[in-house]
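Number of protein chains: 2
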Amino acid sequence: MKKKENRVSIRHVAKLAGVSVSTVSRVLNHPESVSDELREKVIRVIEECRYRPNQIARSLRTGLTKVVGFVIPDITNPAFLLMVKGAEDYLKKKGYSFIVCGTDHSAKEESRILRALMAQNVEGIIITCSGGQRSELANLLRHLGLKTVFMDRRYERIDAPYVGVDNAGGVEKMADYLIETGHRSFAYLCGERTTSSARERLQGFINSMQKNGVTNYEILYGQFTFESGYELVRKFKKIPEAVMGGNDLVALGAIVALSELGYRVPDEVSVVGFDDMFYSKYSKPSLTTVRQPIYKMGFEAGKVLWKLLSGGRMQQKEVILPTEIVLRETVRQR
Amino acid sequence: MKKKENRVSIRHVAKLAGVSVSTVSRVLNHPESVSDELREKVIRVIEECRYRPNQIARSLRTGLTKVVGFVIPDITNPAFLLMVKGAEDYLKKKGYSFIVCGTDHSAKEESRILRALMAQNVEGIIITCSGGQRSELANLLRHLGLKTVFMDRRYERIDAPYVGVDNAGGVEKMADYLIETGHRSFAYLCGERTTSSARERLQGFINSMQKNGVTNYEILYGQFTFESGYELVRKFKKIPEAVMGGNDLVALGAIVALSELGYRVPDEVSVVGFDDMFYSKYSKPSLTTVRQPIYKMGFEAGKVLWKLLSGGRMQQKEVILPTEIVLRETVRQR
DNA sequence: AACGTTTTTGAAAACGTTATCTAAATTCAT
DNA sequence: ATGAATTTAGATAACGTTTTCAAAAACGTT
Chain A
1 MKKKENRVSI RHVAKLAGVS VSTVSRVLNH PESVSDELRE KVIRVIEECR YRPNQIARSL
61 RTGLTKVVGF VIPDITNPAF LLMVKGAEDY LKKKGYSFIV CGTDHSAKEE SRILRALMAQ
121 NVEGIIITCS GGQRSELANL LRHLGLKTVF MDRRYERIDA PYVGVDNAGG VEKMADYLIE
181 TGHRSFAYLC GERTTSSARE RLQGFINSMQ KNGVTNYEIL YGQFTFESGY ELVRKFKKIP
241 EAVMGGNDLV ALGAIVALSE LGYRVPDEVS VVGFDDMFYS KYSKPSLTTV RQPIYKMGFE
301 AGKVLWKLLS GGRMQQKEVI LPTEIVLRET VRQR
Chain B
1001 MKKKENRVSI RHVAKLAGVS VSTVSRVLNH PESVSDELRE KVIRVIEECR YRPNQIARSL
1061 RTGLTKVVGF VIPDITNPAF LLMVKGAEDY LKKKGYSFIV CGTDHSAKEE SRILRALMAQ
1121 NVEGIIITCS GGQRSELANL LRHLGLKTVF MDRRYERIDA PYVGVDNAGG VEKMADYLIE
1181 TGHRSFAYLC GERTTSSARE RLQGFINSMQ KNGVTNYEIL YGQFTFESGY ELVRKFKKIP
1241 EAVMGGNDLV ALGAIVALSE LGYRVPDEVS VVGFDDMFYS KYSKPSLTTV RQPIYKMGFE
1301 AGKVLWKLLS GGRMQQKEVI LPTEIVLRET VRQR
């Protein structure tokens, strides 16, 4: 049996190549500054003994870990992970690795995670915060001095870049469409108001109502879940001609509650969502909804973080992506 | 403006507390070995200046990073992430942090990721491998000497612990049930045969057929996707009385294909799935399926990895979790 | 009071890199 | 050729910890 599989270090390489440690390091980091002869020799040795620089030692020395963190409310929600994937796809080309953490929607867990990330010396984070405007988060971020970009959900208490979608614009457009197609009474099923997205979407709804002079509407508050949509329907004062879900999940929940109550969708009630999540096109009837570019949002957030990390000054504090309405079967055609 | 927010190091603490660096380190790692007096003084200082040990330096010194990696085929699939969450919930109590990587079902990407993980000096990994029995993976793992546990999908070419569910048993039980309830002809819609789960489930189906002496069945091969279920139905030689999906997604796909073809589920054809994913209970009609304890599987995998990391010898190379059949609306009652 | 034991502390050496600084070698202009 | 300017290479000092080793202090025992 071999002695013990001790990782090969830069020293071994130096010795084998008959050069100094410095030279090997230079070959790795500033190859142009070493003569062709030595460079080739060193490279050969590196490949022969399959040397890989120890990232830990490198980090300690340079202070740079080439790791970024993601903080999202729910590690089990495909939407958040699609964002993460977008950001990763951009950032991995720049040589970064990733730690992704879920907070279970808990502010306390969020703080814990942020500290842990800091102890791991991540260079920066992309965060979709766990709702609320708790000052705790602001203080922590400020104190840790962590480069941060907010994604999908705003956090006003701190001056960091934000990338999201045009929530208000999206539902406003959809509400306009519903009015155009002859719907006259509405219900809006709002998600957690502690999140900026819920507030913005609600605002979009209100904007459309006011702009079009319709007053026959009802707003119910709940969460961004299927169950919430299901329950909220049963609290309607009066069944409206159109119900708008805060996202696809609540819209789907609303649809089954409605059909259990004996209302046919879309013949008697139209229902729309927001997200265009995977399943929406397969549900029966397939869901008319506002599509948001989730992956793209992550990708853009990645870009922004990279700009932050590479020291470039931010020209814009926000990037807001457009949404698109996708027409399917849950809206009655007149 | 302050000088520059230089992180406070163990040296600062030592100086402020009027003790040596060693003592501070000991307070952190072997508190019992330092006198009460000094220990308290040091702890006070640590808290006052909010000192947090630099994990990087610590890792360099000890060779231990307190980080484990997860490698899964698709970072966007809630099922995989629920497993990950299970493992994290166990392992975070032991002080670990996590890197989770998706391979996009690509063996090549998988290799790349494994190397990257190694360069990050993760202490171990939990992997749901990207299908196939490519020797590449075995070689890599062997060469890297990474502590590994396989989750959900077996990989026979290497002698590492495996935690999964009783795939064969689950579908066998379900098939038995379908036979009991009077179904006489079957179709099995198999997922990627490069995965052990697909093979085991198929085997369970065949076991039941043989045991019960039924020969009137058809096996179709595809993927673990909604679309695959949808397409496979159109290739039936003859519509069977019961179709079993390799997972819920393909079952759901089969249901819509079937209803588009004019067959009513469950009155004319029964359909069952495997997984009991989130949406299955809400689909219309709600899906009868085999539930597997996804979160628990991850949790157990976490346990096993921890045993590996803390040097304990594995008493068992495998942990196989039981499945449970959940009866809903897609099976005709006689 | 003298001596061995044990406990508590500090100095210093690692861990594997990169960066700074100086010495040697080369090039270039006279 | 000579000296100045430039390029190339090596020694060495960090980075922030933990651990080893030895010294100092405390404690018993005679």
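Taken in order, these protein sequences are the chains called A and B.
Mapping the first sequence onto the working numbering, position 63 (from 1) lands on 63, and the numbers just tick up by one.
Mapping the second sequence onto the working numbering, position 57 (from 1) lands on 1057, and the numbers just tick up by one.
All residues carry an ideal CB built from backbone N, CA and C; glycine is no exception.
For clarity, every value in this text was computed on a predicted model and none was experimentally measured.
With its beta carbon at least 8 Å from every one in chain A, B:G1086 lies outside the interface. Residues C190 of the same chain have their beta carbon placed closer than 6 Å to that of A:L202, with the five preceding and five following residues left out of the count. Beta-bridge partners assigned by DSSP to A:C190: A:Y221. Look at the stretch 271-291 of chain A: the residues with a C-beta under 7 Å from a C-beta of chain B are Y279, Y282, K284.
Taking 7 Å as the cut-off between beta carbons, the residues of the stretch 1113-1124 of chain B near chain A are A1116, A1119, Q1120, N1121, in sequence order. For the set A:G222, A:V331, A:R115, the Cα lying nearest the Cα of A:H183 is the one of A:V331.
Distance from B:V1067 to B:S1097 at the Cβ level is roughly 5 Å; contact confirmed, criterion being Cβ atoms closer than 8 Å. The way I'd put it, the stretch 123-137 of chain A doesn't touch the stretch 1067-1084 of chain B; fewer than three beta-carbon pairs between them come closer than 8 Å. At least one CB of chain A lies nearer than 8 Å to the CB of B:V1100.
Closest in C-alpha terms to B:Q1210, from the list B:I1179, B:S1286, B:S1196, comes B:I1179.
By the rule that beta-carbons nearer than 8 Å mark a contact, B:P1031 does not touch chain A. Taking 8 Å as the CB threshold, A:L146 stays off the interface with chain B. Proximity of chain B to A:V256 at the Cβ level (cut-off 9 Å) is accounted for by Y1282, K1284, in chain order. Counting every other CB atom within 10 Å of its CB across the protein chains shown gives B:K1085 a total of 16 or more, marking it as buried. With respect to chain B, the C-beta atom of A:Q55 has a partner C-beta closer than 8 Å.
Excluding residues up to 5 positions away in sequence, V1027, P1031 lie with their Cβ nearer than 8 Å to the Cβ of B:R1039 in the same chain.
The secondary-structure analysis by DSSP pairs A:Y162 across a beta bridge with A:F150, A:E318. Taking 3 residues as the minimum length, the beta strand (DSSP E) runs contained wholly in the stretch 1055-1142 of chain B are 1067-1072, 1097-1102, 1124-1127, in order along the chain. Around the beta carbon of B:T1215, fewer than 16 other beta carbons lie within 10 angstroms, which makes this residue exposed. For the pair B:P1078 and B:M1277, the Cα-to-Cα distance works out to about 9 Å.
Chain B has no Cβ within less than 8 Å of the Cβ of A:S228.
Counting along the chain, the unbroken beta strand (DSSP E) around B:E1324 starts and ends at 1324-1326.
Rounded to whole angstroms, A:T195 and A:I43 show a C-alpha spacing of 52 Å. In the assembly as shown, B:R1050 is an exposed residue. Its beta-carbon has fewer than 16 other beta-carbons within 10 Å. Taking a C-beta distance under 8 Å as the contact criterion, A:A168 and A:G204 qualify as a contact pair. Taking a cut-off of 8 Å for Cβ pairs, the stretch 294-309 of chain A and the stretch 86-106 of chain A touch, as three or more such pairs fall below it.
Separation of B:L1146 and B:A1138 (C-alpha to C-alpha, rounded to the nearest whole angstrom) is 11 Å.
DSSP links B:F1274 through a beta bridge to B:V1290. By the C-beta criterion, the stretch 243-251 of chain A is judged to be in contact with the stretch 279-291 of chain A, since at least 3 inter-stretch pairs fall below 8 Å. The beta carbon of A:L64 lies closer than 7 Å to those of E123 in the same chain, with the five residues before and after it left out. Here A:K41 has A17 as same chain residues with Cβ atoms under 7 Å from its own Cβ, once five neighbours each way along the sequence are excluded.
When rounded, the separation of the alpha-carbon atoms in A:M244 and B:V1326 is 32 Å.
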